[in-house]
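J.:
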Amino acid sequence: MLIPPGIEPHDWEPTVNDLQKMHEADLIVINGIGFESWADDIDTVNSDVVIVDTSKGISLIIDDDALRKDTNHFDRSTGDPHIWLNPVKAKTQVQNIVDALISIDPENEKFYRQNAQSYQDKLDALDSKIRTELSSCNKDFIAFHNAFSYFAVEYGLNQHSIVNSNEPNIGPTLKTLETVINLAQTFDIDVVFTEETVDTRTSQVIANEIGARVLVLSPIETISDDSDYFLKMENNLSNLKEALCN
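Residue numbers for the sequence shown follow our numbering, so the first one is 339 and each next one is one higher.
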């Protein structure tokens with residue numbers, strides 16, 4: 339894994355050691371959609387490597403101001419990259435990975451397909467659980483940054499965010515804070531979400547203003563050694579239920 343556990347991927351840049359790993363690799367897996375700004379330079383390190391863009395075949399959510407006049411020819415790197423937060427789209431990512439593995443190692447096709455199917459079955463179960471447990475809950479929530487667009491669309495929710503950026507370390511303006519506070523009051527929101535890798539004070543300021551609590555809603559951009567995707571998604575679901583279903 340190129341990006342170490344616990345490291346914020348928005349800030350990560352490859353070291354000399356990482357470049358050596360890429361030089362020796364047969365296959366490099368990326369999320370795509372501009373999430374890995376360093377990926378454009380991989381060809382200069384290893385022109386023979388297979389680069390797996392796991393966003394292939396996934397319809398993107400694009401900000402209105404990022405669209406060109408011809409909406410059929412927009413730059414995919416301007417899209418929301420957080421596709422993995424939607425288990426349905428994560429299944430496509432898994433399929434893109436397994437197809438690439440089989441292309442460079444066809445002798446182990448059965449092994450790759452079995453593992454992929456097992457993982458996709460777990461994603462199906464997670465998807466079903468989310469649909470069931472959030473179906474009768476309120477719909478509006480305040481995320482720290484707008485990472486949950488695909489999740490919200492999939493499950494009929496309305497995402498409001500404090501930071502409208504793929505760079506969550508860029509703080510909001512006072513006008514943005516006022517807007518979010520007004521939204522929270524309009525929709526009677528009593529939980530404001532933060533993330534595990536950002537300063538919680540911004541979310542706490544809003545929460546104090548409206549008498550709300552602060553909980554974590556993880557964009558799962560980093561994973562520690564003692565956690566994984568499914569544990570993080572289960573924690574997100576639990577906190578969303580606490581925010582929306584009470």
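The beta carbon of each residue, even a glycine, is placed where N, CA and C say it ideally should be.
#1: Would you call the region 475-485 and the region 451-461 in contact, with 3 or more CB pairs under 8 Å?
#2: Taking all protein chains shown into account, decide if D537 is buried (16 or more other Cβ within 10 angstroms of its Cβ) or exposed.
#3: If distances are taken between C-alpha atoms only, which option among G494, P347, L472 comes closest to I368?
#4: Consult DSSP for H361 and reduce its assignment to one of helix, strand or coil.
#5: Quick check for students: name the residue ranges of the alpha helix (DSSP H) that lie wholly in the region 387-466, counting only runs of 4 or more.
#6: Answer with buried or exposed for F449, where buried requires no fewer than 16 other C-beta atoms within 10 angstroms of its C-beta.
#7: Can you tell me where the beta strand (DSSP E) holding I480 begins and where it ends?
#8: The beta strand (DSSP E) that contains S499, what's its start and end?
#9: So, under 8 Å CB-CB, P519 and E492 are touching, yes? Tell me the CB distance rounded to an integer number of Å.
#10: Of all the options V554, I435, E471, which has the alpha carbon lying nearest to the alpha carbon of I480?
#11: Tell me which same chain residues have a C-beta within less than 6 Å of the C-beta of E580, skipping the five on either side of it?
T.: Judging by the given coordinates:
#1: no
#2: exposed
#3: P347
#4: helix
#5: 425-442
#6: exposed
#7: 478-483
#8: 496-501
#9: The sequence shown places Ile at residue 519, rather than the Pro named in the question. So it is not a contact: roughly 28 Å between Cβ atoms.
#10: V554
#11: none
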